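Chemist: Sharing a structure with you now.
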Amino acid sequence: MFVDDNKKARAGLSVPLGLVLTLLAVGAVLVTAAAITGINYYLDARHGERAAADEFVSISMRSADAVNQLERKGESLALALSEYEFSERLFTKGEGHGLLSAMARLLHRDDAIFSLFAGFPGGDYLELSNLDASSGLRGAWGARPEERWVLMRIHDRDGVRSEVRQFLGPDLAVLREEVRDSDYFANQRPWFQGAERGRLHVTDPYQLDIVQRRGMSYSVAAGEGVVVGAVVLLSSLDAALGASRYPQTQMSLLFNQAGQLIASSRPPEGAAEVTRVRDEISAAQPHRFLVELAAEPAGIRRLREVSLAEHSYFAYVEPLQGLDADAGTRFAGFLVSVEEVMARYRRQALISVLISVGMVVLVLPLVFLATRAVSEPIRRLAAESDKVRQRDYENVHRVPSAIREVSWLSKSLVEMSDAICSYEEQQRALREGIIKLIAGAVDRKSPYTGGHCERVPVLAESLASAASAADSGPLADFSLSGDAAWREFRIAAWLHDCGKITTPEHIVDKGAKLEANYNRIHEIRMRFEVLLRDAEIAFLRKAPLGGQGEVMDEAGLKRRCDEIADDFAFLARCNIGGEFMDDAHIERLRRIGALTWERRLDDRLGLSPVEAARLAAIPSPTPGTETVLADKPEHCIPWDHIGPRLDTGRFTMQPPPLKQNLGELYNLSIGRGTLTDEDRYRINEHISATIDMLEALPWPEELSRVAEYAGGHHEKMDGTGYPRSLRGDQLSIPARILAIADIFEALTAGDRPYKPAKKLSVSMSILRSLALEQHIDKDLFRLFVEQGLYRDYARDFLRPDQIDDVDAEALLAGV
0 MFVDDNKKAR AGLSVPLGLV LTLLAVGAVL VTAAAITGIN YYLDARHGER
50 AAADEFVSIS MRSADAVNQL ERKGESLALA LSEYEFSERL FTKGEGHGLL
100 SAMARLLHRD DAIFSLFAGF PGGDYLELSN LDASSGLRGA WGARPEERWV
150 LMRIHDRDGV RSEVRQFLGP DLAVLREEVR DSDYFANQRP WFQGAERGRL
200 HVTDPYQLDI VQRRGMSYSV AAGEGVVVGA VVLLSSLDAA LGASRYPQTQ
250 MSLLFNQAGQ LIASSRPPEG AAEVTRVRDE ISAAQPHRFL VELAAEPAGI
300 RRLREVSLAE HSYFAYVEPL QGLDADAGTR FAGFLVSVEE VMARYRRQAL
350 ISVLISVGMV VLVLPLVFLA TRAVSEPIRR LAAESDKVRQ RDYENVHRVP
400 SAIREVSWLS KSLVEMSDAI CSYEEQQRAL REGIIKLIAG AVDRKSPYTG
450 GHCERVPVLA ESLASAASAA DSGPLADFSL SGDAAWREFR IAAWLHDCGK
500 ITTPEHIVDK GAKLEANYNR IHEIRMRFEV LLRDAEIAFL RKAPLGGQGE
550 VMDEAGLKRR CDEIADDFAF LARCNIGGEF MDDAHIERLR RIGALTWERR
600 LDDRLGLSPV EAARLAAIPS PTPGTETVLA DKPEHCIPWD HIGPRLDTGR
650 FTMQPPPLKQ NLGELYNLSI GRGTLTDEDR YRINEHISAT IDMLEALPWP
700 EELSRVAEYA GGHHEKMDGT GYPRSLRGDQ LSIPARILAI ADIFEALTAG
750 DRPYKPAKKL SVSMSILRSL ALEQHIDKDL FRLFVEQGLY RDYARDFLRP
800 DQIDDVDAEA LLAGV
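Quick note: the sequence shown uses numbering that gives the first Met the number 0, first residue 0, plus one each step.
As structure tokens, then:
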């Protein structure tokens with residue numbers, strides 16, 4: 000819409016401001032959001048790594064503490080049990096109920112302890128087992144749901160080594176009893192043999208055949224050679240180690256200084272015995288790193304990140320110190336995938352990113368509305384600017400905007416529009432003033448044109464208004480709409496004869512055949528005066544006239560003088576151009592012109608440099624005999640270096656060979672009027688000069704047809720006009736209107752000195768003949784008559800004696 004003359008440049012290089020602002024705003028929002036999100040993601044990730052590491056260490060320490068507490072419970076229960084008195088009576092049915100109650104209370108403190116036991120020097124063995132210590136124990140014992148404890152006694156019964164299992168209820172009441180043979184001797188077990196009084200002994204993990212579980216015994220020697228203690232199932236330790244937030248990848252191990260596996264979060268199922276971790280697991284597996292870390296002082300209680308099998312893991316080792324100093328330090332080792340630890344924090348970071356993206360998406364409509372609030376007023380300003388470009392100043396309005404700069408720009412645009420409008424009005428007034436000045440100068444240049452250039456626009460505008468108002472007929476489609484179109488037509492009317500400025504004034508004003516810059520009839524008269532003087536001198540000298548013939552008497556002198564006077568009178572009449580020159584007239588001109596007279600003075604004296612140069616090649620002896628009328632070589636003026644004005648490629652008028660022919664016989668022999676062919680060409684040349692002058696001017700687009708309108712008023716509908724010989728279908732209606740106005744004004748003009756003013760009826764009759772002869776447009780002529788425009792014009796510009804009755808019907812008959 001804006002600056003349409005640069006469509007190609009606009010299509011290739013420019014984009015809408017709204018799009019630019021939107022892209023910039025969106026880009027800024029996206030870059031800012033991306034930067035903030037990226038920084039937050041990075042910080043969250045770093046924070047997540049630290050938090051994950053801290054969390055992993057915390058979980059590992061809690062798991063290690065749980066294992067440590069579980070072991071210490073077993074140790075403390077064993078020590079507490081050593082304070083009770085144990086005797087062989089416990090194997091007697093119905094005895095030892097108080098001790099069993101005490102053991103049950105101890106086991107009640109923590110369900111994770113599998114059993115409390117007592118071994119006697121003779122090999123007998125007593126054990127109270129907690130059926131709730133681990134899942135699956137009831138199935139291993141074959142216990143029923145209502146059964147809570149299992150009391151197992153191994154001793155000699157009636158000479159047979161027997162194992163008596165009593166299934167007790169919660170109140171220690173015997174619900175049922177099982178007896179089977181046994182070869183078990185407590186005094187042969189490692190926990191019995193390694194026990195000392197006041198010193199806790201911890202066994203290596205071993206298989207409990209009764210329940211097919213692995214466990215560890217914590218034993219201490221009591222009085223009279225009895226060894227008491229507690230059994231902790233390794234499954235309880237495994238459960239403590241396996242309590243993790245990262246079940247998918249975490250591996251927790253309990254091992255001693257020798258690298259012997261005690262418990263694991265992933266215990267091997269069905270293992271019969273425990274072997275060293277280094278022997279059990281290949282070097283490619285992660286377990287060895289925990290053992291190696293435990294062997295290094297710097298590796299204990301420090302988080303390490305290691306790479307195993309192309310995956311990253313966090314590794315942590317926590318030492319466990321029990322009550323048995325001889326058992327050495329045990330270690331809880333933990334290993335977990337970094338990816339799993341970080342997953343939660345990365346999810347949180349991803350959620351943060353998604354929230355940021357969501358906020359950006361929510362902000363985008365606000366950005367669009369904000370940019371539109373900026374771009375829309377500017378787009379409307381562009382539309383208002385386009386009105387300025389189209390010079391539609393009256394419809395330029397302010398664009399309201401909350402943006403101060405846009406409001407200022409809008410105000411400035413309106414003020415600029417008003418200033419340009421005012422300036423253009425001044426320039427238009429100046430231009431029209433200059434145009435009227437030129438037209439007035441053409442009119443005042445010669446009285447032969449009178450007020451022609453001033454009156455033609457009035458008549459032309461009157462006819463154009465009638466043609467534009469026609470709503471039917473051949474002129475229905477014609478319309479001069481808008482001030483610019485009327486201004487264009489009006490200027491063309493005022494300047495239709497501006498080329499007459501170039502026409503020599505003596506040709507425009509040539510009222511007699513011998514007139515050039517002055518009327519040369521006076522030179523001819525002087526020659527005839529010379530002839531009269533010659534005749535009188537010859538009479539007085541009594542000598543033949545011209546040295547030949549008889550001597551004149553007084554009557555002969557009178558006859559000769561009368562002949563000379565009559566011949567001059569004839570020449571004078573011919574000079575006026577008011578009568579047709581037939582062959583007899585021309586013959587008499589030649590006879591008179593052959594009369595001679597004697598020139599005794601040099602005719603090359605007193606010439607201008609230009610004229611002297613032009614006549615230098617033409618001989619003129621002095622004295623010499625001259626004819627009264629002559630067509631001398633110096634009378635033939637050739638075209639100068641400028642040449643004829645007409646461009647024969649554009650115009651059809653053919654210039655004559657000479658620029659001007661001042662020959663006296665040649666001019667007096669003009670058949671009708673006072674103009675020679677050369678003069679007529681110079682007169683007609685004004686229209687080509689008009690076209691050249693107007694086309695050379697840098698007209699704005701709305702005035703681009705001024706030259707076309709003004710340059711067509713001498714064309715004819717039949718194509719015989721000049722200077723282009725255009726036919727009617729090649730002529731615009733404004734040009735045809737100017738042709739009628741030009742002719743009618745010339746016919747009715749009463750201020751031309753070379754002709755009398757014609758009456759209105761005569762002028763209209765001539766105009767009708769021109770319409771019938773296809774010289775002017777018939778449709779416009781009919782409109783001119785039907786609308787009575789000739790009467791309106793006559794009332795304003797014709798003298799009263801010119802205005803007579805006009806028969807409009809007769810004028811339109813046959814047209």
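Each residue gets a CB set at the ideal place from its N, CA and C atoms; glycine is no exception. For clarity, every value in this text was computed on a predicted model and none was experimentally measured.
Between the region 219 to 233 and the region 104 to 119, can you find at least three pairs of beta-carbon atoms closer than 8 Å?
Modeler: Segments in contact, yes.
Chemist: Per DSSP, which one or two residues make a beta bridge with Arg726?
Modeler: Arg726 pairs with Asp717.
Chemist: Decide if Asp53 is buried, meaning its Cβ has at least 16 other Cβ atoms within 10 Å, or exposed.
Modeler: By the neighbour-count rule (16 or more Cβ atoms within 10 Å), Asp53 is not buried but exposed.
Chemist: Under the rule that 16 or more other beta-carbon atoms within 10 Å means buried, what is Met215, buried or exposed?
Modeler: Buried, because 16 or more other Cβ atoms sit within 10 Å of the Cβ of Met215.
Chemist: Helix, strand or coil: how does DSSP classify Glu317 here?
Modeler: Reduced to three states, the DSSP call for Glu317 is strand.
Chemist: Check each candidate in Ser724, Leu115, Pro543 and name the one with the smallest Cα separation from Gln773.
Modeler: The shortest C-alpha separation from Gln773 is found at Ser724.
Chemist: Below 8 Å on the Cβ atoms is my contact criterion, and I expect Ile736 with Gly710 to pass it. Report the Cβ-Cβ distance as a whole number of Å.
Modeler: Contact doesn't hold; Cβ gap of about 14 Å is too wide.
Chemist: Report back the beta-carbon spacing between Val219 and Arg198 to the nearest angstrom; my notes put them in contact at under 8 Å.
Modeler: The Cβ separation is near 7 Å, so the contact holds.
Chemist: Three or more C-beta pairs under 8 Å: does that hold for the region 566 to 582 against the region 508 to 521?
Modeler: Yes, they touch.
Chemist: Tell me whether Tyr680 is buried or exposed, calling it buried when 16 or more other Cβ atoms sit within 10 Å of its Cβ.
Modeler: So Tyr680 counts as buried.
Chemist: Please report the residue range of the beta strand (DSSP E) in which Trp140 lies.
Modeler: Not the beta strand (DSSP E): Trp140 falls in the alpha helix (DSSP H), residues 136 to 140.
Chemist: Run the CB neighbour count on Ala111, radius 10 Å, all protein chains shown included, and call it buried at 16 or more, exposed below.
Modeler: That one is buried.
Chemist: When the Cα atoms are used, what is the spatial distance from Leu766 to Leu657?
Modeler: Approximately 34 Å between the Cα atoms of the pair.
Chemist: Going straight from the alpha carbon of Gln425 to that of Gly432, what length do you get?
Modeler: Cα to Cα, the separation comes out at about 10 Å.
Chemist: Check this for me: beta carbons of Leu408 and Leu380, under 8 Å apart or not?
Modeler: Yes, the Cβ-Cβ distance between Leu408 and Leu380 is below 8 Å.
Chemist: Roughly how many angstroms separate the alpha carbons of Ala77 and Phe313, rounded to a whole number?
Modeler: Computed Cα separation, rounded: 36 Å.
Chemist: Report back the beta-carbon spacing between Phe598 and Pro637 to the nearest angstrom; my notes put them in contact at under 8 Å.
Modeler: Before going on, a small fix: residue 598 reads as Arg here, not Phe. About 25 Å separates the two Cβ atoms, so there is no contact after all.
Chemist: Assign Phe743 to buried or exposed, taking buried as 16 or more other Cβ atoms, counted over all protein chains shown, within 10 Å of its Cβ.
Modeler: Answer is buried; the Cβ neighbour count reaches 16.
Chemist: Buried or exposed for Ser336, please, with buried defined as at least 16 other CB atoms from any protein chain shown within 10 angstroms of its CB.
Modeler: Buried: at least 16 other Cβ atoms inside 10 Å.
Chemist: Among Glu553, Pro473, Glu146, Ser351, which has the Cα closest to the Cα of Ala34?
Modeler: The shortest Cα separation from Ala34 among Glu553, Pro473, Glu146, Ser351 belongs to Ser351.
Chemist: Mind listing, in chain order, the continuous beta strand (DSSP E) runs of no fewer than 3 residues lying wholly within the region 166 to 201?
Modeler: The qualifying runs are 173 to 180.
Chemist: Which one or two residues does DSSP pair with Tyr124 in a beta bridge?
Modeler: Gly118, Ile153, per the DSSP bridge assignment.
Chemist: In terms of alpha-carbon separation, which member of Asp182, Phe184, Phe166, Tyr183 lies closest to Glu176?
Modeler: Per the Cα distances, Phe166.
Chemist: Using 8 Å for Cβ pairs, my map puts Val441 next to Ile523. What's the rounded Cβ distance?
Modeler: Rounded, the Cβ-Cβ distance is 32 Å, inconsistent with contact.
Chemist: Identify whether Phe330 lies in helix, strand or coil by the three-state DSSP scheme.
Modeler: Phe330 falls in the strand class under three-state DSSP.
Chemist: Check the DSSP bridge columns for Ser416 and list the partner residues they point to.
Modeler: Answer is none; Ser416 lacks a bridge partner.
Chemist: Count the C-beta pairs between the region 698 to 706 and the region 609 to 623 that are closer than 8 Å, then say yes if the count reaches three, no if not.
Modeler: No, because fewer than three Cβ pairs between the region 698 to 706 and the region 609 to 623 fall closer than 8 Å, the two stretches do not touch.
Chemist: On the DSSP bridge assignment, give the partners of Ala229 in chain order.
Modeler: Paired residue(s): Leu115, Tyr217.
Chemist: Among Gly720, Asp552, Leu106, which has the Cα closest to the Cα of Thr651?
Modeler: Closest by alpha carbon: Gly720.
Chemist: What's the gap between the Cα of Leu130 and the Cα of Trp148?
Modeler: Roughly 6 Å between the two C-alpha positions.
Chemist: Kindly indicate which three-state DSSP category Trp407 falls into: helix, strand or coil?
Modeler: The answer is helix: DSSP assigns Trp407 an H, G or I state.
Chemist: Do Lys557 and Val550 have their beta-carbon atoms positioned less than 8 Å apart in this structure?
Modeler: No, Cβ-Cβ distance for Val550 and Lys557 is not below 8 Å.
Chemist: In this structure, how does DSSP classify Thr624 when only helix, strand and coil are distinguished?
Modeler: Thr624: strand per DSSP, three-state reduction.
Chemist: Once DSSP output is grouped into helix, strand and coil, what is the label at Leu260?
Modeler: Leu260 falls in the strand class under three-state DSSP.
Chemist: What residue does the alpha helix (DSSP H) around Trp493 start on, and which one ends it?
Modeler: Segment 482 to 493, the alpha helix (DSSP H) holding Trp493.
Chemist: With the cut-off set at 8 Å, would you say Leu412 and Ser374 are in Cβ contact?
Modeler: Cβ atoms of Leu412 and Ser374: not closer than 8 Å.
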